[in-house]
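Everything on this sheet refers to the single structure shown next.
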Amino acid sequence: MSIELEEIADFLKQHHPFDLLPDDVIESLPKRLTARYFRAGTKVLSPEEQCLNLYIIRTGGTETRDPDGQLLGRLSEGECFGVRAMFRNGRAANNITTLEDSLCYLLPEKDFHDLAGKYPQFNYFFAQMGGDRLRSGMQMIESRDDDQLKLMSVKVEELIARDLVSIDANATILDAGRLMCAEQVSCLLVTQNGDEIAGIITDRDLRNRVIAEARSYDAPVTSIMTANPISIHPDDYAFDALLTMTRNNIRHLPVLKDGKAVGMITTNNLLARQSLSAVYMAGKISKLNDPGDIATVIAQVPELLSHLIEAGATSQNAGHIVTTLADATTTRLLQLAEAKLGPPPVPYVWMAGGSQGRQEQTAISVQNNCLMFDDAYSPDAHGAYFKALADFVCDGLNEIGYVFGSGDMTAKNDQWRQSAENWLNDFNKWIEQPDPTSLMQCCVWFDLRPVHGTTPLFDDLQRIIVSRAKDNRVFQAVLVNNAMSHHVPLGFFKNFVMIRGGEHDSKLDLKNNGVLPIVDLARIHALANGVNEVNTFERLRAVKAFPSISKQGASDLLDAFEFISITRLKHQVRQIRQGNSPDNFLQPESLSAFERTHLKDAFSVVKNLQSALEGAFGKSGT
C-alpha cells in the first residue's frame, strides 16, 4: 500500500464508525474512495438531487439545512454527509453547503451498502442519526434488573391484588372481625356517608386495641380505627409506597384517587422486594435522633449511587431514589426540631427547590429550601420559633452533608421564611417585573416541591403562580433570554468546546453546560403551558401535548437529558470508585468513541431546541 493510501487508512481508523471495522477492511477502503475538493460556499447537495456516494469530510466543514432553510447541524473533520440519500435510493434529503474550503472522500453507494450489510455496528451507526440515534443508543445501554429499579417502574395501581373491602362506621368490632375472617384480609377501610373514608383498622389493631385491652366486641369499630390514614395515589411508584410504609412503620396503605379509595396495598404485595437498600436507609434515618448518626447513613449515598448505576438505573430513577434520602433526612430533622421546640404555633410547609425539588439529586448536593406559613403567622409572635426551627434543620443538613450553597437560598435566610401571602407577592413581582436577581431565584423557586408539613399551603400557591406565569409573555421571553445564555459545549463544527485554563482545563462541565440548559428548556415550556410538574422528565413528557415544542423535539430532549445525565452520573461513580470526590467535570477522552458520538448528538439536540425558543416565545428587550 502506498504511503498516501496508508495515511487515508490511518485517518479512517481514528473516526467513528470506521474504527469499528476490522483492520483489513479499513486498509482496503482507500482504494475505493475518490477525493473531491470544494471551495467555501459550494452547495454540494440539494433536496432530491441524485447522490451516489457517502461523503467523508477530511478537512473543512459543512452545514446542513432542510428544504425550508432551517439549520439542522454543522459537520467537521471525520464526519459524514449524504447519509440520508444512502437510505432513500440515492436521493438527497437536505441542502449541504461547505462553510470553508473542504476536502472530502467519497465512498460509492454500493460499497457503503456492502459494509452496512456485513457489519451491523457500521449499519447501526448510520441507520440511526440525530435524536433517533441517541434514543437507540440509550436503549442499547439500558438494562434494569435490580429490584429497587423494578419498583421505580411499577405503578401502585399494578400492585392492587383484589377488590377493596370496607365496613361502615356504625358496625361493631365483632362485625369487623367476622368480615376480615370471611374475606381473608388483614385490614378494613372504615367508611361513612357512603364512600367517605373515616379510617382504617388492621389485624394489629384487633390484637393491640381489643384483645390486649379486653375491649368489648360490641364497641363501635370507630373506637379502634386509625382516623385519616396515610394514603397513596395509584399513579405513584411502588418504590414510593414501600418507602412510605417504612417511614411510618405501617403495613397497609390505602390507594386513593380523587378522594375515593380504589384499593389497598400491603407489605405482602412487596415482600419479594425486601432487599431495597434505599428504603432501609430511609427507615433507619426515621429512627435516629442525632445529626451525626444520620450523617453516617447519608455517607453511604455515593456507594448507593454507584450500585444503582452499575445495576442499570436511569438517571431519573437514580435521582428519585437519592432524593428520597434527602427528603427523609429533612423530615427527620423537622421532627426533631419540633420535639425540641414544641409543636408549631401555626401550620407550615417545608419546601425544597433546585435539584431536590426536581428529585434530580446526584452524589453532590447543596441545600435549597424554604418555609411557608399559614397567613395566621405573625413575625412578632411566631418568628423566633420558626427561626430556631430553620437554623436547627439547615445546620443539621449542612453537618450531614447537604452543604450550604453560594446563593444563601435556604430557610436560614429571613427572606425565605414567609407567609403564603408574602410568597405570592414575591412570585407576582418576579413574574410581572423580572430582573437578573429574580431570574436566579426563578431557577430555584419555580422548581419547588413540598417535603413536610401542611401541603395544601403549597398547592394553593403553585396553582396561582403557574396560572400567572402561563399568561405572561414578557416573563416567558425573559426566561428565554436567560436560557440562551447557558451554552452547550458544542462548537461551530460540532466539536467539543472545553473549559480553558484553571483547575478544570480541557474538561466539559456536564452540569452547567449540559444538564442545566435542558432543565431551563423544560421549565420554560412547562410554565408557558400551565404544567404543574417540576421534575424535568415529567415536564418534558407533559409538554408534548402543547404546540410550543414538537412531540419529536420533546422526545429528543428527553433522550438528550437522560444521556447527558447518565454520563454525568457514571463519571461521578468512576470518581467514587477511584476514591476521589465526585464532581461534574469530564475529560472527553475518558469516554469511548460510542459515548463521545452520542454526547455530541445530545448537545446538538439541546442546541437546536434552544434555537427554537425565540420563535416559540419571542425575544425580550430587557
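Each residue of the sequence shown is one higher than the last, beginning at 982 in the numbering used here. Each residue gets a CB set at the ideal place from its N, CA and C atoms; glycine is no exception.
Item	Value
Where Glu1060 falls, given that 16 or more other Cβ within 10 Å makes a residue buried	buried
Reduced DSSP secondary structure (H/G/I, E/B, other) of Leu993	helix
Residues near Glu1123 by beta carbon distance below 8 Å, same chain, minus five either side	At Glu1123, the pLDDT of 46 sits below 50, so the modelled position is not reliable and the matter cannot be decided from this model.
Anticipated Cβ contact below 8 Å, Ala1523 with Glu1514, distance rounded	5 Å
Cβ pair count under 8 Å reaching 3, the segment 1354-1363 against the segment 1392-1405	yes
Cβ-Cβ distance between Tyr1198 and Ile1154 below 8 Å	yes
Residue interval of the alpha helix (DSSP H) (run including Trp1411)	1401-1413
Backbone CA spacing between Glu1177 and Lys1241 [nearest angstrom]	7 Å
Contacting residues, own chain, Cβ-Cβ under 6 Å from Ile1446 (five flanking each side not counted)	Phe1408
With 16 other Cβ atoms within 10 Å as the buried cut-off, status of Val1282	buried
Residues near Pro1498 by beta carbon distance below 8 Å, same chain, minus five either side	Ala1464, His1467, His1468, Val1469, Val1587, Gln1591
Beta-carbon spacing of Leu1026, Ala1073 below 8 Å	yes
Collapsed DSSP secondary structure at Arg1125 in the structure displayed	Confidence at Arg1125 is low in this model, with a pLDDT of 46, below 50, so the placement of that residue is unreliable and no value is reported for it.
Cβ-based neighbour list, Ala1208, same chain, cut-off 7 Å, excluding 5 preceding and 5 following	Ala1179, Gly1180
8 Å Cβ cutoff met for Ala1583 and Ile1545	yes
Whether Ala1263 touches Leu1306 by CB criterion (8 Å)	yes
Ranges of the alpha helix (DSSP H) found wholly within the segment 1548-1589, counting only runs of at least 4	none
Backbone CA spacing between Leu1187 and Ile1205 [nearest angstrom]	8 Å
Phe1354: first and last residue of the uninterrupted alpha helix (DSSP H) it sits in	Note, Phe1354: premise wrong, no alpha helix (DSSP H); beta strand (DSSP E) at 1350-1354.
Where the alpha helix (DSSP H) through Lys1393 begins and ends	Note, Lys1393: premise wrong, no alpha helix (DSSP H); not H, not E.
Spatial distance of Tyr1366 from Val1327 (CA atoms)	10 Å
Neighbourhood of Gly1377 by C-beta, 6 Å cutoff - its chain only, sequence neighbours within 5 removed	Pro1272, Leu1314
Reference Arg1020, options Leu1352, Gly1042, Lys1012, Leu1052, closest by Cα	Gly1042
Residues sharing a beta bridge with Phe1385, DSSP	Gln1348
Inter-stretch contact (C-beta, 8 Å, three-pair minimum) for the segment 1424-1443 and the segment 1336-1356	yes
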